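Letter 162 of the sequence shown, counting from 1, is numbered 163 in our numbering, and no numbers are missing.
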Amino acid sequence: MNIKQENTWGELGSALGKGLLAGLAGTAAITLSQMIEMSITKRKPSDAPAKVASEITDVQPTSEETKAKVNQEIHWAYGTSWGVARGLIGLTGLKGLPASLLHFGAIWGTALVMLPKYDAAPPVTEEPPKTVAIDALHHAVYALAAGLVYDALDAGNKHQRKFDHLIEQLHLKGILSKLKP
């Protein structure tokens, strides 16, 4: 039983909004993960976002400073927008780790195809295994963080959770089955 009336457009809007917030959290998590990894491995930041944006728009950054700024803007916009996919996954009823695994597969799979297509990275078959593992780890951090945030936002408000718990208790005690005609 549900306190609120079914509203398909409202549910879609809610899922997309929660997804965007989850995508923002996932982007923050992957950014932190990459910063930690780069400090350990001494790797320079990737310029893949700016490369792809330049290929798609046919606009080149005018300086290294502008390139770095565009890189960050694209990184945050792209990562946040992937939260929409998590929202759509949530609409299917899939939650927790299965939803995060599906989200991870969509995100990392897209990166593995898109980056080589736009000459922003070599094909995965030409990358060292360590590089592939690090990339997979970063994308897993994103998907898990986004999933945790989405599921937390999708848990319902305090009153809905209390009501659902009451209904569950009444079912367990058999009271509701006695009330049905």
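Where a beta carbon is used, it is the ideal one built from N, C-alpha and C, also for glycine. This structure is a prediction, so every number in the text was calculated from the model and none was measured.
**OP:** Can you grab the Cα-Cα spacing for the pair LEU150 / LEU95, in whole Å?
**Re:** Reading off the sequence, residue 150 comes out as Val, not Leu. Their backbone Cα atoms lie some 14 Å apart in a straight line.
**OP:** Taking 8 Å as the threshold, find out whether the segment 20 to 30 comes into contact with the segment 127 to 144 through three or more Cβ pairs.
**Re:** yes
Subject >> Assigned exposure category for PRO50 - 16 Cβ within 10 Å defines buried >> reply: buried
Original post:
Is ALA54 near the ligand COA, with its Cβ less than 7 Å from a heavy atom?
Top reply: This structure simply doesn't include the ligand COA, nor any ligand for that matter.
Original post:
So does the segment 115 to 127 actually touch the segment 43 to 59, counting three or more Cβ pairs closer than 8 Å?
Top reply: yes
**OP:** Tell whether a beta-carbon distance below 8 Å holds between GLU12 and LEU92.
**Re:** yes
**OP:** Taking 8 Å as the cut-off, decide whether the C-beta atoms of ILE168 and GLU38 are in contact.
**Re:** no
Subject >> As assigned by DSSP and simplified to three states, the class of PRO129 >> reply: coil
Subject >> 6 Å CB neighbourhood of LYS68 in its chain, flanking five on each side removed >> reply: ALA51 and PRO62
Original post:
Since TRP10 is in the alpha helix (DSSP H), which residue starts that stretch and which ends it?
Top reply: 9 to 42
Original post:
Under 8 Å between the Cβ atoms of THR81 and LEU25?
Top reply: yes
**OP:** Indicate the three-state DSSP secondary structure (helix, strand or coil) for TRP109 in the structure shown.
**Re:** helix
Original post:
Between which two residues does the alpha helix (DSSP H) harbouring VAL85 extend?
Top reply: 84 to 92
Original post:
Just to confirm, are LEU173 and VAL85 a CB contact at a threshold of 8 Å?
Top reply: no
**OP:** Give me the Cα-Cα distance between LEU154 and LYS19, rounded to the nearest whole angstrom.
**Re:** 6 Å
Subject >> CB of LEU113 within 8 Å of CB of VAL125, strictly >> reply: yes
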